[in-house]
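Q:
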Amino acid sequence: MQVALRAESVLQKDERRLIALVLAGDRVAGRELYDAHAARVYRLVFRLAGDEELAKDFTQETFIRAFGRLHEFRGDAALGTWLHSIAVSVALNGMRKQRRFRQRETDLEDAPDVAWNPNRGEPDLRARLHAAIAELSEIYRTVVIMHDVEGYTHGDIARILGIPEGTSKARLSAARAKLRERLADFMKE
Amino acid sequence: MDDQRLDDLMRDAAPGFREPPPPPLEAMWSAIEREHFGPVRGTLWRRWYGPVVGMAATLLIGIAIGRTTANPVPMPGDPIVAARSGGSGLAGALDGSDDIAGPYRAVTSRYLGQAVALLVSLPASSEYNADGKMVERAGELLSTTRLLLDSPAADDPELKVLLDDLELVLAQVVRLSARRHDQEMELITDALEERDVLPRLQNAVTSFPLSATN
Numbered sequence: 210m211q212v213a214l215r216a217e218s219v220l221q222k223d224e225r226r227l228i229a230l231v232l233a234g235d236r237v238a239g240r241e242l243y244d245a246h247a248a249r250v251y252r253l254v255f256r257l258a259g260d261e262e263l264a265k266d267f268t269q270e271t272f273i274r275a276f277g278r279l280h281e282f283r284g285d286a287a288l289g290t291w292l293h294s295i296a297v298s299v300a301l302n303g304m305r306k307q308r309r310f311r312q313r314e315t316d317l318e319d320a321p322d323v324a325w326n327p328n329r330g331e332p333d334l335r336a337r338l339h340a341a342i343a344e345l346s347e348i349y350r351t352v353v354i355m356h357d358v359e360g361y362t363h364g365d366i367a368r369i370l371g372i373p374e375g376t377s378k379a380r381l382s383a384a385r386a387k388l389r390e391r392l393a394d395f396m397k398e
Numbered sequence: 026m027d028d029q030r031l032d033d034l035m036r037d038a039a040p041g042f043r044e045p046p047p048p049p050l051e052a053m054w055s056a057i058e059r060e061h062f063g064p065v066r067g068t069l070w071r072r073w074y075g076p077v078v079g080m081a082a083t084l085l086i087g088i089a090i091g092r093t094t095a096n097p098v099p100m101p102g103d104p105i106v107a108a109r110s111g112g113s114g115l116a117g118a119l120d121g122s123d124d125i126a127g128p129y130r131a132v133t134s135r136y137l138g139q140a141v142a143l144l145v146s147l148p149a150s151s152e153y154n155a156d157g158k159m160v161e162r163a164g165e166l167l168s169t170t171r172l173l174l175d176s177p178a179a180d181d182p183e184l185k186v187l188l189d190d191l192e193l194v195l196a197q198v199v200r201l202s203a204r205r206h207d208q209e210m211e212l213i214t215d216a217l218e219e220r221d222v223l224p225r226l227q228n229a230v231t232s233f234p235l236s237a238t239n
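Protein sequence lines correspond, in order, to chains Z and A. 210 is the number of the first residue of the first sequence in this note's numbering; add one for each residue after it. 26 is the number of the first residue of the second sequence in this note's numbering; add one for each residue after it.
1) Hey, could you find the ends of the alpha helix (DSSP H) proline 373/Z is sitting in?
2) Could you tell me the distance, in whole angstroms, from the CA atom of alanine 379/Z to the CA atom of glycine 277/Z?
3) With a cut-off of 8 Å, do at least 3 Cβ pairs link the segment 53-63 of chain A to the segment 357-371 of chain Z?
4) Please say whether valine 297/Z and threonine 351/Z have beta carbons closer to each other than 8 Å?
5) Using the Cβ count rule (16 or more neighbours within 10 Å means buried), how would you classify phenylalanine 310/Z?
6) Less than 8 Å between the CB atoms is what I'm expecting for valine 353/Z and leucine 143/A, so what's the real figure, rounded?
7) Identify which residue in Pro46/A, Met53/A, Asp33/A, Leu191/A has its Cα closest to the Cα of glycine 138/A.
8) Mind pulling the chain A residues with CB within less than 9 Å of histidine 339/Z?
9) Please decide whether isoleucine 57/A counts as near chain Z, where near means a Cβ-Cβ distance under 8 Å.
10) Tell me which same chain residues have a C-beta within less than 6 Å of the C-beta of alanine 179/A, skipping the five on either side of it?
11) Looking only at its own chain, which residues have a Cβ that is under 8 Å from the Cβ of methionine 304/Z, when we skip the five neighbours before and after it?
12) Using the C-alpha atoms, what's the distance from aspartate 181/A back to aspartate 394/Z?
13) Within 10 Å of its beta-carbon, does arginine 240/Z have 16 or more other beta-carbons around it, so buried, or fewer, so exposed?
14) Taking a contact to mean a Cβ-Cβ separation below 8 Å, would you say threonine 290/Z touches isoleucine 369/Z in this structure?
15) Taking the beta carbon of serine 134/A as the centre, do at least 16 other beta carbons fall within 10 Å, making it buried, or is it exposed?
16) Taking 8 Å as the threshold (C-beta atoms), are leucine 173/A and leucine 195/A in contact?
17) Return the CA-CA distance between isoleucine 372/Z and arginine 274/Z, expressed in angstroms with no decimal places.
18) Any beta carbon from chain Z within less than 8 Å of glycine 164/A's own beta carbon?
19) Any C-beta of chain A within less than 8 Å: which residues of the segment 293-314 of chain Z qualify?
20) Quick one: which residues of the segment 261-280 of chain Z get their C-beta closer than 8 Å to a C-beta of chain A? List them in chain order.
21) Within the same chain, show all residues whose beta-carbon is closer than 6 Å to that of valine 198/A, passing over the 5 residues directly before and after it, in chain order.
Written out as structure tokens, the structure is:
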């Protein structure tokens, strides 16, 4: 435990140095910070958005915003937590805009039935689960993706989403209840 | 469906939900760099810039594998830290350790990552950071290169040759001066190309974390 804490302290010290350099306009330091966090940020926003182009846009936007606001970073939380918080916010807002845009488009066309249909044939339980997760409402889906898919703790989720830890647990529990309900028919087979 | 069954299903199947493709790290960085730091100018380095950025992507994957497979975090007594703070060096830090693979992997992975970050950013840094930050960074990396050359890391013959070449390139970067910038950059480019440094660095980055996991 002590070793882990010392190691974390070294990493934080290094990050603080890099942050100071980025604030002074150092591209190399910017690249180092990006290299340390970009892959994880991309994974998370891809899971949230389910689209390569959107994930790319959201990751870029996350780092552009983060670098632009780096002077506001106080170091109360880890830099990764702060970055992921920006990433989730960027992704959720971006997806809402996309949904509004798509809604306008589908209003104009004969929209196919995109609602989840319990009688629709699914190749297997795994695919059914993935469809059910995708159909969850945003607040539940976000917590399921972060906790069950990406492995964040409730503490991480609370800090990133700015909610109490208990709320994260409650949302996950409610999300699982919905998944159980949606998968019930399939599981009887 | 009971809780246990759902738990099992979630554990088995949830990680496959929207499996992310490899991140387009270089394309994203280009946009971020342009937006935050301003456009990258200069043509001299562009002929090898492409391979370098591809290598950086590979490096990140390699480092990720290395860091998640074993003993990922540098410690305060870690040689890279000692090197950066002017400490007694890598060989000394490794002396007496029964587990050379861990520090060796962590230090070398980190060193390679920093080398790539520097080389990728070199064209822009050399034009916009006339205050010598980039040269200072190259100087730090050069010190680490020399410490690695004196350490068990250099027991790997391929890595040793690569470190030798990186030492040469970094020494040239350290000598960069604003006055003779173009000529010196050309020398560095020639050195990189003649010695085939970048493709070999790419190979080392790809294979290193796995070969070092013992």
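Ideal Cβ placement from N, Cα and C applies to all residues, glycine included. The model shown is predicted, which means the values in this text are computed figures rather than measured ones.
A: If we stick to the structure as given:
1) It is not in any alpha helix (DSSP H) - proline 373/Z carries neither H nor E in the DSSP assignment.
2) 34 Å
3) no
4) yes
5) exposed
6) At roughly 40 Å, the Cβ-Cβ gap does not stay under 8 Å, so valine 353/Z and leucine 143/A are not in contact.
7) Leu191/A
8) Ala38, Ala39, Gly41, Phe42, Arg43
9) yes
10) Lys185
11) Leu257, Ala258, Leu263, Glu347
12) 59 Å
13) buried
14) yes
15) buried
16) no
17) 22 Å
18) no
19) none
20) Glu261, Ala264, Lys265, Thr268, Gln269, Phe272, Ile273, Phe276, Gly277
21) Ala163
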